[in-house]
Structure formats: structure tokens, C-alpha cells
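Comments concern the structure below.
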Amino acid sequence: MREIGQFVVDQADIDQSDLPDFCRKPTVVLGVGNILFGDDGFGCAVVDYLESHYPVPEAVCLLDAGTGVRKLLFTLCLSSARPQRLLILDAIDARRSPGEIFEVDPAEIPVAKLDDFSMHQLPTSNLLRELQETCGVEVRVLACQTGPLPEEISQGLSKAVSDAVPQAAEWLVREYFPRPARSPVKNTYATPCESAGGVV
Amino acid sequence: MAKTLVIQPVTRIEGHAKVTIQLNDAGNVDTARVNVIELRGFEKFCLGRPVEDLPRITPRICGVCPWSHHLASAKACDAVFGVEPPPAGKKLRELCNSIAYMEEHILHFYFLAGADFLLGPDADYSIRNVIGVLQAAPDIARKVVKVRHLCAKMLETLAGKSIHPQAAVPGGFSKPLAPAERDELRKQADDTLELAKFSIAFAKENVFPKYLDVVKSLGVITTGFIGTVKENGALNLYDGKLRLMAPNGSYQDFPYDRYTEFISEHIESWSYLKFPYAKQWGEGFSMDVDNPKGVYRANTLARINVCDFIDTPLAQAELEEFRAKFGRPAQLTLLYHWARLIELLYNAENTIRLLDDPEITSTETRVKCTPRAARGVGVTEAPRGTLIHDYTTDADGLITNVNLIVGTTHNNAPINMSVTQAAKSLIHDGKYDQGVLNKVEMSIRAYDPCLSCATHRLDGKMSVKLDIFDVEGKLLGSLAN
Chain A
1 MREIGQFVVD QADIDQSDLP DFCRKPTVVL GVGNILFGDD GFGCAVVDYL
51 ESHYPVPEAV CLLDAGTGVR KLLFTLCLSS ARPQRLLILD AIDARRSPGE
101 IFEVDPAEIP VAKLDDFSMH QLPTSNLLRE LQETCGVEVR VLACQTGPLP
151 EEISQGLSKA VSDAVPQAAE WLVREYFPRP ARSPVKNTYA TPCESAGGVV
Chain B
1 MAKTLVIQPV TRIEGHAKVT IQLNDAGNVD TARVNVIELR GFEKFCLGRP
51 VEDLPRITPR ICGVCPWSHH LASAKACDAV FGVEPPPAGK KLRELCNSIA
101 YMEEHILHFY FLAGADFLLG PDADYSIRNV IGVLQAAPDI ARKVVKVRHL
151 CAKMLETLAG KSIHPQAAVP GGFSKPLAPA ERDELRKQAD DTLELAKFSI
201 AFAKENVFPK YLDVVKSLGV ITTGFIGTVK ENGALNLYDG KLRLMAPNGS
251 YQDFPYDRYT EFISEHIESW SYLKFPYAKQ WGEGFSMDVD NPKGVYRANT
301 LARINVCDFI DTPLAQAELE EFRAKFGRPA QLTLLYHWAR LIELLYNAEN
351 TIRLLDDPEI TSTETRVKCT PRAARGVGVT EAPRGTLIHD YTTDADGLIT
401 NVNLIVGTTH NNAPINMSVT QAAKSLIHDG KYDQGVLNKV EMSIRAYDPC
451 LSCATHRLDG KMSVKLDIFD VEGKLLGSLA N
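Structure, rendered in C-alpha cells:
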């Protein structure tokens, strides 16, 4: 039996084929936002960048959730299996410098502020807090500060936010992509590091 | 002393709304309004674009009912181009519609409305939510997760992806269904039917009898109804003709492209959401609960009311039982939940029927299209109500005008009326508690509103202005970005 928060789940009852990847895999990364609305597409752009620049480990579910993330979160809340770690990638206006990347901890959001959050600014903050506090999932939100509102809605990121995409991807890879185990290498020649007295 | 009560945000609905209840000096309800404070601006956003882009753009209007927008948009494109998809193309679209419906109706009944009925409307706010549902009914939660996941997998098989679909194209459907894929879907469809049967049986035994008093009293109003029916009067959620039913049960049928002859739109200063009304009735528009004018409702209860019958056996049997209890048209607002479960059953049966149709695996799924100057109207029944996409293009096929009436928009006036009725019946002498306020919210949740896509007019400006009034209506200040 494994305790998840307050709920005890008998693993023997869980048929893995009944569950989507974002419930089964230990690490889930969701890019959220609307790609038609300028910088709101930041989260989806990071997912796209990761898929085209990095091999995604088997243990990681990387998903462009677009504007449909609420349905996924509802399913996660009700699922008998959940990931250990959940990362949300999103764009918000927090009055910082355009393109600035920062973390938003759902647990630190003031209770009053929770009610103010639009479902289109952050994906259902209440559900994220519930996942973290009641269901034992480590939830982090990586946000990017949006640029100024344009005169007209259009697709495509502003330069500042576009420049932030590779940075966000690199951070994510360091934090969330498990490094492959390094197998010992047998050779009769010392590496430059060994010759200098260092450790391989 | 006069007081203003504000419920913000309204919880467990899709989108952003605020309920403002104005109490008079005696502590009784004077007025109640549902202020919709989202603004999406899609109608403006689409101008100048190639019309064939719209079935790809409109699913992102909000992401809650992407398939409905996707299909209505594809149908509008068919009409603009003057083409008729081949039978397999139409059936594949309808199949996707039925599967997406099941996912939506399960979401609403178990996730959004479920907390009210499984935990009770007076349960503490801290548990009257999704996690509370899981605690109270873990086995049901497990079934629900499994079947919703199945629906998503089925849509991926049919269309390549379930989030932000792109498979319906002008002229048909881009991807034929292979026989081996159909066989796999057919097995999965049996599981969805089992949950549909379980859901309505569970609700009839454990939920509706327990809350019948609430059903008979909360948010009750009298209105007309609108929905789609086939030529023979049978329920259909993908294609047919529109039926506008008056409160006395008489009705008129009309083709999609004549909707502007029957429906007009009223605008109020305190909401971004329009107020459609039945101008064909010739009585104007009023949201007076005791004497409404021109008000009609859409969504599940409306469709169950306007159809003459349902052409799948299990759902038809449920419809007969429903009508024996509540008559036709049924007016009790919380019956939306019951009607939703009848539709869930219909969609499960319809999915099986379509998969058993030999034509579903035909490789002729689309026809070619040529741009022209034209107007086209595409309509489907979204889970939340009749969805109208009305496009006009120039000779190059570029959009020159777009009008969208989404499901929830039709229910704007009825929602306001139900909230007024609920507030007036529950709040007296200035007394209210969390349970009372939740019941006011319940009267909105029954309509399963999606306010995210309901507000999409933009007059070309990006600025938002906020006016602050005191209880006498005096303007205290304004904020603008």
C-alpha cells in the first residue's frame, strides 16, 4: 500500500493501462497557454523547444496542454495514481521585467489572491494547491513575465519572451530530466583529469 | 441596512463570473446579477484570415469545448465553400462529437456538479470540491478517470490528438478510420456505455430523490427552449435543423442560416456577455422572473424538451420516464443534470451505432474546396448549448465578418433569472450563510456555463475599464489600463 497524502491506495488495484501518461509517469511537465494570444503561448513554446532540442527521458511526461489543462488537473486529482513531481510552464503578468523567468509556489499564493486568479492566467490555482497539500504531489510553476499588451492580438512571442524560452528549457532539463547513470569506463590510459590528480 | 453581497469567483464553472446581490433595507433581495468579466475578442481576431484557418483557431477559444467549436467551424466552412462532405466524413465528425460529449458530460456531472450532490450543498466549503468527491466515493472516481482517459484515447485514434483538434477540415475529415482502429474503438465504446448506464442509475437511486425538494424549488423559472433536431424530430447533437420552443410547448423549426430571423441579441452595460432572445415571438426582451419576455434556454434540458424522441433505445426509455415525471417542456432548472445523463447515455449508444456502421471505415472522407465570396452558417449542439458559427468571406476566401453565438450565451438571461429567483427565495431579513450562497451558485452550475468562450466581442480596443459604485449607484471611481 502506498499513502498519498491522506488517501491510501492499493497499488494492486491500479491497472496502468487505464491511466494516461500524465498520471503514470513520475515526472510531468505541462506547457499551458494560448498560442494565438502572443506571449500567452510561452509554456507551449518551451515544450516545443524541449521536444526539438533534447531527448525526453522515459520517466518524464512532457505535454503541450494548451488551453485544456484544467481537464488534466481534474483527472490528476481524482486519479488513483499521480506523479511525484508536476511542473507547470506558463506566462503571467507579475509586473516584473519582460522575459524574466521565476517560480511561483502555489503554497505561497495568499488565500485572497487565489480567488482572483483567472483560469486563463494560471491553471486553476486551487487544484494545484490541492494536489500539493492533499495529494502529496510536488507542484512547481515556472512562469515568464509577459511583455506589454500589443495594440492587436496576434500569434507569436515578443522578443523578450522568445529569448527566455531556451533559458527556461535549460533550467527545466537541469531540474527535471534525470541524468543517465554513468557506467564505469575501463581503460589503461589516464584521462587528462586523472593525470592532473582529479577524480573521473 | 442595504447591503451588497458579492460571490466572486463563482466556483466550479468554466470561466470568470461574479454574482452581485443587492439587498434592500429590510435585508431582502432587491436585484441579483451575474456579471461576466471575461473578454476573449475572437470575433475581431478572426477578421482577414483565410476561412480554412478557423477550424484550427476556434478550438483555442477556451479549450474546454474545443471539439464543438472545431466541428461548428468546419460546418460553417462547408457552407461558405458550398460543399457537402462525403457520408464517411460526416459520420467521423459526428463520432468525434459523441465521444467528446461523453468526456464533457462526465466532467460536469462528477467533477463540477458532483460535489454538490455527493457531499451536499451545505457541506463545508473546504471539502465541497474535487478532492472531497474522491474521499467520499473513491471507486466511482476510479471508474470516471478510466472512462475519461478512454474517451481521450479514442479521440486520439480518430483525430491524432484530443486537445486542440485539427482533423475536421472544410469538406470533411482529414483522416479515414482503419478497420483495425475501428475494432479497437468498438471495444472501448462498450466501457463508455457501461459508465453511462451506471451514472444515470446511480443518480436516479442516490442523488435525485435525495434532493428532489431542491430540484423543485431552486432557480425555477419559465422560459422557451432551443435545440437541434433531425428532420423527423429526433434528438441530434451534430446536425439537423433548429427548433425554437415557446414556454407553452408550441414550436417553430428553421434551417441554420435563418437564425437571425428568429433570434436577436440584447446588450447590458454590466456584462460583457450578450443576451440573445426570441425576437420571432414579437414580445421584446425582459428578464422579469414573474413575467419574462423572449427568454429561451439552451443546453441539455432544452434539447431533451425540443426533441420528439431519441432514436437510441436506452436513452429513449429514459426520456419516456423523464417526461412521465416532469412533462414536456420540463422547466425545473436542476433537471439540467438529469437531462445531461440522458444525453450521456445517448452519446454512448450513438458512438456504438456509428462504429457498427460499415461506412465509417470508407476512405472517402473529404471533398475539395474552392474559395469564393459567400456567407456560411455552421451549427452544432455544444454540450453547453446551440453553437452558431456565422462566417462571411471575400472572393479570396478571407474572412470579412464573423458572428459567434456560443451555447452559454443563449443562457445568459435564464442564468440571471435563476440566480434572482434563487437569491430571493433563500435570503430573507439579511440572513445568509455559506450553504445559501452555494445554492445560489448551484443555480448557475446547473447550466454548465462556459463563460470563457461566451465573451468574445471586441470593439477594437484592448483597454479594460472598471467602475466602482456604492449601494446608491453613485460612481466612486474608475480604473483603466
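For the protein sequence lines, the chains are A and B, in the order given. Just so we're aligned, residue 1 is where the first sequence starts under the working numbering, counting upward by one. Just so we're aligned, residue 1 is where the second sequence starts under the working numbering, counting upward by one. Backbone N, C-alpha and C fix where the C-beta goes; we use that ideal spot for every residue, glycine too. Note that the structure is predicted; figures quoted are calculated from it, not measured.
Between the CA atoms of residue j and residue i - distance to the nearest angstrom
i: Asp390/B; j: Arg258/B; result: 11 Å
i: Leu218/B; j: Ala330/B; result: 14 Å
i: Gln155/A; j: Thr67/A; result: 15 Å
i: Gly5/A; j: Ala446/B; result: In this prediction, Gly5/A has a pLDDT of 32, which is less than 50 and means its spatial position is unreliable; nothing more can be read from the coordinates.
i: Ser418/B; j: Phe254/B; result: 28 Å
i: Ala12/A; j: Leu78/A; result: Note that Ala12/A has pLDDT 44, beneath the 50 cutoff, so the model's placement of it is unreliable and the number below is only indicative. Whole-angstrom Cα-Cα distance: 17 Å.
i: Phe111/B; j: Leu54/B; result: 30 Å
i: Ala178/B; j: Thr222/B; result: 48 Å
i: Leu30/A; j: Gly407/B; result: 29 Å
i: Asp290/B; j: Gln421/B; result: 9 Å
i: His149/B; j: Ile92/A; result: 29 Å
i: Tyr256/B; j: Ala348/B; result: 26 Å
i: Val440/B; j: Ala423/B; result: 6 Å
i: Pro86/B; j: Ile101/A; result: 49 Å
i: Gln188/B; j: Thr361/B; result: 17 Å
i: Leu63/A; j: Leu107/B; result: 20 Å
i: Lys210/B; j: Leu319/B; result: 20 Å
i: Val19/B; j: Gly38/A; result: 31 Å
i: Val199/A; j: Ala59/A; result: Note that Val199/A scores a pLDDT of 31, beneath 50, so its modelled location is shaky; the value from the coordinates is reported in the next line. Their Cα atoms are separated by approximately 29 Å.
Span of the beta strand (DSSP E), counted from its first residue to its last, around residue i
i: Phe102/A; result: 101–104
i: Gly30/A; result: Inspection of the sequence shows that residue 30/A is occupied by Leu rather than by Gly. Element bounds for Leu30/A: 27–32.
i: Val60/A; result: 60–66
Assigned secondary structure, residue i (DSSP; H/G/I helix, E/B strand, else coil)
i: Glu349/B; result: helix
i: Cys29/B; result: One point to set straight first is that residue 29/B is Val, not Cys, in the sequence displayed. Correct three-state label for Val29/B: strand.
i: Tyr432/B; result: coil
i: Gly172/B; result: strand
i: Ile388/B; result: strand
i: Val379/B; result: strand
i: Asp356/B; result: coil
i: Phe309/B; result: strand
i: Leu19/A; result: coil
i: Asn299/B; result: coil
i: Lys113/A; result: Its pLDDT being 36, under 50, Lys113/A is placed unreliably by the model, and the measurement read from it follows with that caveat. Residue state, collapsed to three classes: helix.
i: Asn438/B; result: helix
i: Ala374/B; result: strand
i: Arg21/B; result: Checking the sequence shown, residue 21/B turns out to be Ile, not Arg. Strand at Ile21/B.
i: Thr420/B; result: helix
i: Arg323/B; result: helix
i: Leu398/B; result: strand
i: Pro414/B; result: helix
i: Arg82/A; result: coil
i: Thr134/A; result: coil
Limits of the unbroken alpha helix (DSSP H) element including residue i
i: Arg182/B; result: 179–202
i: Ile99/B; result: 87–106
i: Val139/A; result: Careful: Val139/A lies outside any alpha helix (DSSP H), inside the beta strand (DSSP E) at 138–145.
i: Asp93/A; result: Taken as a continuous stretch (DSSP letters only), Asp93/A belongs to no alpha helix (DSSP H), as it is neither H nor E.
i: Gly407/B; result: 407–410
i: Val56/A; result: Unbroken run through Val56/A: none, as it is neither H nor E.
i: His69/B; result: 66–81
i: Gln331/B; result: Element bounds for Gln331/B: n/a, residue is neither H nor E.
i: Cys201/A; result: The question about residue 201/A has no answer, for chain A in this structure spans 1 to 200.
i: Thr157/B; result: 138–159
i: Asp163/A; result: 159–176
i: Ile57/B; result: 54–57
i: Lys368/B; result: Careful: Lys368/B lies outside any alpha helix (DSSP H) and carries neither H nor E.
i: Lys293/B; result: Run containing Lys293/B: none; DSSP gives neither H nor E here.
i: Glu43/B; result: 42–45
* To do: Please name the residues in the stretch 60–73 of chain A whose beta-carbon is closer than 8 Å to at least one beta-carbon of chain B, in chain order.
  => Asp64, Ala65, Gly66, Thr67, Gly68, Val69, Arg70, Lys71
* Enumerate, from N- to C-terminal direction, the unbroken alpha helix (DSSP H) stretches of 4 or more residues contained entirely within the stretch 205–291 of chain B. => 212–217, 259–262
* Which residues, taken in chain order from the stretch 152–169 of chain A, show a beta carbon closer than 7 Å to some beta carbon of chain B? -> Ile153
* **Contact list for the stretch 58–78 of chain B against chain A, Cβ threshold 9 Å** => Pro59, Arg60, Ile61, Cys62, Gly63, Val64, Pro66
* **chain B contacts made by the stretch 18–34 of chain A, where a contact means CB separation under 7 Å** => Asp18, Leu19, Pro20, Asn34
* Could you run through the stretch 34–54 of chain A and flag, in chain order, every residue whose CB is less than 8 Å away from some CB of chain B? => Asn34, Ile35, Leu36
* To do: Pull out every residue of the stretch 78–105 of chain A whose Cβ sits closer than 8 Å to any Cβ of chain B, in chain order.
  => Leu78, Ser79, Ser80
* Asked: Between the stretch 152–186 of chain B and chain A, which residues of the former have CB atoms less than 9 Å from a CB of the latter, in chain order?
  -> Ala152, Lys153, Ser162, Ile163, His164
* To do: Anything in the stretch 295–310 of chain B with a Cβ closer than 7 Å to a Cβ of chain A? List those residues in chain order, please.
  => none
* Asked: According to a CB-to-CB cut-off of less than 9 Å, which residues of the stretch 406–419 of chain B neighbour chain A?
  -> none
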